[in-house]
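Enquirer:
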Amino acid sequence: KMQPPNRNSRIDLQELKSQIVKKLGPDGSKQYFFYLHKFLSLKLNKVDFNRLCMRILGRENIPLHNQIICSVLRN
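Take a look at the structure:
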């Protein structure tokens, strides 16, 4: 489990990224991070991002995805 961050500490995104790679495999994780980058760069809208990522992630990995999004925003 991840510890709640202190106000000044950054969240280790590398650990979350390695969990995604472990769960999705190299190809799935590459696709996921490609779409995440496009979404965060405003080159992919939320509806399309959700549709594409749900196909890649599956419901069981949504909590991990949410952790990544929250961590990016906090850092």
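Take 1 as the starting number for the sequence shown in the UniProt record's numbering and just add one per residue. Each residue gets a CB set at the ideal place from its N, CA and C atoms; glycine is no exception. All figures in this text were calculated on a predicted structure; none of them were measured in a lab.
Taking buried to mean at least 16 other C-beta atoms within 10 Å of its own C-beta, is residue 53 buried or exposed?
Expert: Counting Cβ neighbours within 10 Å, residue 53 comes out buried, since at least 16 surround it.
Enquirer: Check whether the Cβ atoms of residue 32 and residue 57 sit closer than 8 Å, and answer yes or no.
Expert: Result yes, Cβ atoms of residue 32 and residue 57 sit closer than 8 Å.
Enquirer: Is residue 66 closer than 8 Å to residue 11 when the C-beta atoms are compared?
Expert: No, these two residues do not count as a Cβ contact at 8 Å.
Enquirer: Just to confirm the assignment: which complete alpha helix (DSSP H) runs, minimum length 4, are found wholly within the segment 4-51?
Expert: You should have 13-40.
Enquirer: As a quick exercise: from 55, 46, 42 and 69, pick the residue whose alpha carbon is nearest that of residue 24.
Expert: Closest option to residue 24, Cα to Cα, is 55.
Enquirer: On the DSSP letters alone, give me the boundaries of the alpha helix (DSSP H) that residue 75 sits inside.
Expert: Unbroken run through residue 75: none, as it is neither H nor E.
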